[in-house]
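Participant: Protein chains in written order, with my numbering: chain A, 59 to 471; chain B, 2 to 278. The beta carbon of each residue, even a glycine, is placed where N, CA and C say it ideally should be. Quick caveat, the model's predicted, so the values are computed rather than measured. Mind looking over this structure? Questions follow.
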Amino acid sequence: MDGKEERVQSAAAFKSYMLKNSTKSNLNLYDHLTRLLTKLMDEQPQNAVDVIEDISSDVKRGLLEEMQSTLQDLPETTADVELAKQQRLLFTRPKDVDHEEELVETPLPNVSELSFYLEQAGVGLGREEMQRIFLALKQLVESQLLLQCRLWGKILGTENSYIVAEAVVEGDDHSIDEPAEEEEREVDTQENEIDQLPQSTYKPPSVVPKEATGTGANKFVYYVCNEPGLPWVKLPSVSPAQITAARQIRKIFTGKLDTPIVSYPPFPGNEANYLRAQIARISAGTQVSPQGFYQVLEEEGDEEDEVSQSNYEPNPDFEGIPAAEMAESLSNWVHHVQHILLQGRCTWVNLEVKPGEESNEEGEADEKEEEPDEPEPEVGPPMFTPISQDAESLREQHYVINIGRKTDRHVQP
Amino acid sequence: MDSNSLYYSLELVAGSGHILTLEQRTALESSLVLLKKNYKFSRVLFWGKILGINGVYFIAQGRGEDEMKDKKNLYSLNCMDWFLLPPASDSMIEEVSKATKGRFMGDPSFVYEHQEIHRQGKGNEPVNEKAVITVTEEKRLAVSVHQIDAEVSVVPRGAFIKSPRGLVQLNRSFCGLSEAEARKLDNFLHFRQSKNMKKKSALDMGDWNPAMDYLDALSDDIPKGSWSLQFEFARKVCVLRSLLWFGLTFYHVPMTPQHGYIYIGDGTKNLDLPFML
């Protein structure tokens, strides 16, 4: 009997020891162990003995959080909630849409079909993201009344990325013109009539004029957004000076359109202009199509000097080239976008020729810049140069043909 | 990324623009399982793709008991047949850095050649000795994979712990970084032998845990800004992209233990980075 009493007493003593509140944290061991074992009973994790210490510290942390919840929750709007709200709008249909089946050609190409083919090439953004982008493009078309629109692609940036859409706007749009169009040649004249210091006769080279919207490098208008669902921003049209500067620098995009571009040689413009210049260069250099797919639009009254090569349309007689042949050589693929000349434009502009020495230099530049870099091919107008000719001017092979599945073919630049 | 999570994690990194086709994904799922069994790996990861001019290499990595030291890399051209890559030794790294230029060719037996001319001057007649260094593309592949792992492999803090025996292992109680933690670059660590254990001040070491903090944080990388941290996929997934090696993408879903990294790119380092920032 004594032994039992002793054991009961020592158990009671131990229990009161466990119930003593710790001086530091006001918890006691008894309650903590109770909670810990309850948690283990409820959750029954695997290999509990290995992770027991972590579970114990979790339980302790859990207590602290409970004590702090006496404050009211502020209605915080986190970034993802904001975005979800915006993206929800993508999924709503406007109520006044005619429910008749419209067989009119929609300005958008079949994006799900496109994303399937691109997926075969290993290029894509994931099916959900593509779906969101498709809805955002639809929204863009409806809000801006675009004639044609397609997804150009995505450019990654450090803080945010850009999703770029290429569009054809109806009518001439001169609304966004750079104020730097007219070169300000202010000559500092000193108003005093005493001896004037000799004036420098240096005149900076005249600015190459921008191409009009709808032609050359400005043939398409580009819209960007950071995430599908956020509003689209129209990019300003590109000027030749920006293209030449962009050829000389390499900068990573940050994701904000108004970031200044600090570089040497200095880039005239901010990130929106740099983005537009890069888009123009990429489009001009890499957009290809199977040979014969496009043909030049016949226009009346073509002058010999200015062959209007910027208009092309899908060739109705195009029968398709068998896939094996397409994958075999690069000469079956041609560029269908005008090449950007060294000057920064697609059509060469004869800047003001000065008399004297300079006319010779201009004359030389004249000959160099009159022809695009690619020599005249035997087939078709210079615009549809096969891309096999690119290899002559560039050192490395720039196009790679890959065969995706047995039924699909694609070209990866 | 872990082969078990391949079917959903590829979507999460698709924001970088590179995805695997359905055919490749299904082939990988079966072949990686076989690989794990044949080589007796404890975990097998799909490491990524290196795009060559005429072909593409798929790289897998198998991990043994110690996640940092027992690593084996394998490559395949068709997602089904895998070949072991030799471990990269210092001499191999040196050879490769001298001899290789430009992009990967896509053919593992392609040989890069480089001629070195040593001048052995004795008196007035220096003799030119030509030494030709040849490097196969396979070696170049092994070295590139090793370098990318050493420089830009990322894990969230707490995902791998050092056991008392010194082995680096997966932390099974890791339940993810919180949203706030995932926005800070110092919660992401390089998965390699620590190079610069800076003595941090007592303020920084508030939450210091020797089992978790034995790796270098990304925020200590030079140049600053060589990582891009974004929340993608409707702001749910934290995606880190390296600007030093274009194509390395790391993803982590906050508050879940899902994380992983993948490299899909052309296997060349971006040496212009300081000018591009």
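With 9 angstroms set as the bound, which would you pick, yes or no: does the beta-carbon of A:Q145 sit closer than that to a beta-carbon of chain B?
Facilitator: Closer than 9 angstroms: yes.
Participant: Could you check whether the Cβ of A:G327 sits closer than 9 angstroms to any Cβ belonging to chain B?
Facilitator: Output row for A:G327: interface = no.
Participant: The alpha helix (DSSP H) that contains A:Q300, what's its start and end?
Facilitator: Looking at the DSSP string, the run of the alpha helix (DSSP H) that includes A:Q300 is 298-306.
Participant: Look at the Cβ atom of B:L142, then the Cβ atom of B:G49, and state whether they are nearer than 9 angstroms.
Facilitator: No, they are not a contact pair.
Participant: Just by C-beta distance, which residues in the region 224-235 of chain B are closer than 9 angstroms to chain A?
Facilitator: Per Cβ criterion, the list reads G226, W228, S229, L230, Q231, F232, E233, F234, A235.
Participant: Would you give the residue range spanned by the beta strand (DSSP E) that B:T250 belongs to?
Facilitator: Residues 249-253.
Participant: Can you check whether the CB of B:V240 is closer than 9 angstroms to the CB of B:F247?
Facilitator: No, the pair does not count as a contact, with Cβ atoms beyond the cut-off.
Participant: Are A:K212 and B:G63 closer than 9 angstroms when you measure CB to CB?
Facilitator: No, the pair does not count as a contact, with Cβ atoms beyond the cut-off.
Participant: What is the rounded straight-line gap between the Cα of B:H260 and the Cα of B:H119?
Facilitator: Distance between the alpha carbons of B:H260 and B:H119 is about 49 angstroms.
Participant: Roughly how many angstroms separate the alpha carbons of A:L333 and B:G103, rounded to a whole number?
Facilitator: Straight-line Cα distance between these residues: approximately 26 angstroms.
Participant: Would a check of beta-carbon distances place B:V112 closer than 9 angstroms to chain A?
Facilitator: It does not: the Cβ of B:V112 has no partner Cβ on chain A nearer than 9 angstroms.
Participant: Determine, using beta-carbon pairs with one atom in the region 275-290 of chain A and one in the region 194-212 of chain A, whether at least three such pairs fall under 8 angstroms.
Facilitator: With the cut-off at 8 angstroms, the region 275-290 of chain A and the region 194-212 of chain A touch.
Participant: When you compare only the Cα positions, how much space is there between B:K41 and B:G65?
Facilitator: Taking the straight line from one Cα to the other gives about 8 angstroms.
Participant: Mapping DSSP to helix, strand and coil, what is A:D231?
Facilitator: Only weak support is given to the placement of A:D231: the predicted model assigns it a pLDDT of 49, under 50, and the question is left unresolved by the model.
Participant: Helix, strand or coil: how does DSSP classify A:K97 here?
Facilitator: The answer is helix: DSSP assigns A:K97 an H, G or I state.
Participant: Which value, in whole angstroms, describes the spacing of the CA atoms of B:S164 and B:A212?
Facilitator: Answer to the nearest angstrom: the Cα atoms are 7 angstroms apart.
Participant: For A:G180, go through chain B and note every residue whose CB falls closer than 7 angstroms to its CB, in chain order.
Facilitator: Result: H19, I20, L21, T22.
Participant: Going by other Cβ atoms of all chains shown within 10 Å of its Cβ, with 16 needed for buried, is A:E111 buried or exposed?
Facilitator: Answer is exposed; the Cβ neighbour count stays below 16.
Participant: Between the alpha carbons of A:D89 and B:N5, how many angstroms are there, rounded?
Facilitator: Approximately 40 angstroms, taken between the alpha carbons.
Participant: Please identify the residue among B:I134, B:S31, B:L36 whose C-alpha is closest to the C-alpha of B:E95.
Facilitator: Cα-wise, what sits closest to B:E95 is B:I134.
Participant: I need the boundaries of the alpha helix (DSSP H) containing B:H147, first residue and last residue.
Facilitator: Run containing B:H147: 138-153, per the alpha helix (DSSP H) assignment.
Participant: Who are the near neighbours of A:D60 in its chain, counting only those whose CB is closer than 8 angstroms to its CB and skipping five residues on each side?
Facilitator: Taken in chain order, the list of residues that qualify is empty.
Participant: Is it buried or exposed, A:Q300, if we count other Cβ atoms within 10 angstroms and call 16 or more buried?
Facilitator: Buried, by the Cβ-count rule.
Participant: Can the beta-carbon of B:L29 be found closer than 9 angstroms to that of B:L21?
Facilitator: Going by C-beta atoms, B:L29 is nearer than 9 angstroms to B:L21.
Participant: Indicate whether A:E224 and A:R208 have their beta-carbon atoms separated by less than 9 angstroms.
Facilitator: In contact: A:E224 and A:R208 (Cβ atoms closer than 9 angstroms).
Participant: From what residue to what residue does the alpha helix (DSSP H) around B:A235 run?
Facilitator: B:A235 -> no alpha helix (DSSP H), and no H or E assigned at all.
Participant: Which term fits B:Q25, buried or exposed, when burial requires 16 or more other beta carbons within 10 angstroms of its beta carbon?
Facilitator: Its Cβ being crowded by 16 or more others within 10 Å, B:Q25 is buried.
Participant: Measuring alpha carbon to alpha carbon, tell me which residue in B:R173, B:Q116, B:A132, B:S98 is nearest A:N105.
Facilitator: Nearest option by C-alpha distance: B:R173.
Participant: Hey, is A:G120's beta-carbon within less than 9 angstroms of any beta-carbon in chain B?
Facilitator: No, A:G120 lies away from the interface with chain B (no Cβ there is under 9 angstroms from its Cβ).
Participant: Whose Cβ in chain B lies nearer than 7 angstroms to the Cβ of A:K212?
Facilitator: Going along chain B in sequence order, the residues near A:K212 (Cβ under 7 angstroms) are G18.
Participant: Return the residue from the list A:E329, A:I398, A:D116, A:K82 that minimises the CA-CA distance to A:K309.
Facilitator: The residue with the shortest Cα to Cα distance from A:K309 is A:E329.
Participant: If we call anything under 9 angstroms between Cβ atoms a contact, is B:Q170 one with B:D67?
Facilitator: Yes.
Participant: Name, please, each residue of chain E whose Cβ falls closer than 9 angstroms to the Cβ of B:L244.
Facilitator: Absent here is chain E; the protein component of the structure consists of chains A and B.
Participant: Would you report the Cα separation of A:D246 and A:Y280, rounded to the nearest angstrom?
Facilitator: Confidence in A:D246 is poor, its pLDDT being 42 and thus under 50, which makes the residue's placement too unreliable to answer from.
Participant: CA-CA distance, B:S179 and B:F192?
Facilitator: Approximately 20 angstroms between the Cα atoms of the pair.
Participant: Closer than 7 angstroms, Cβ to any Cβ of chain B: which residues of the region 98-112 of chain A, in chain order?
Facilitator: The region 98-112 of chain A vs chain B, Cβ under 7 angstroms: V109, D112.
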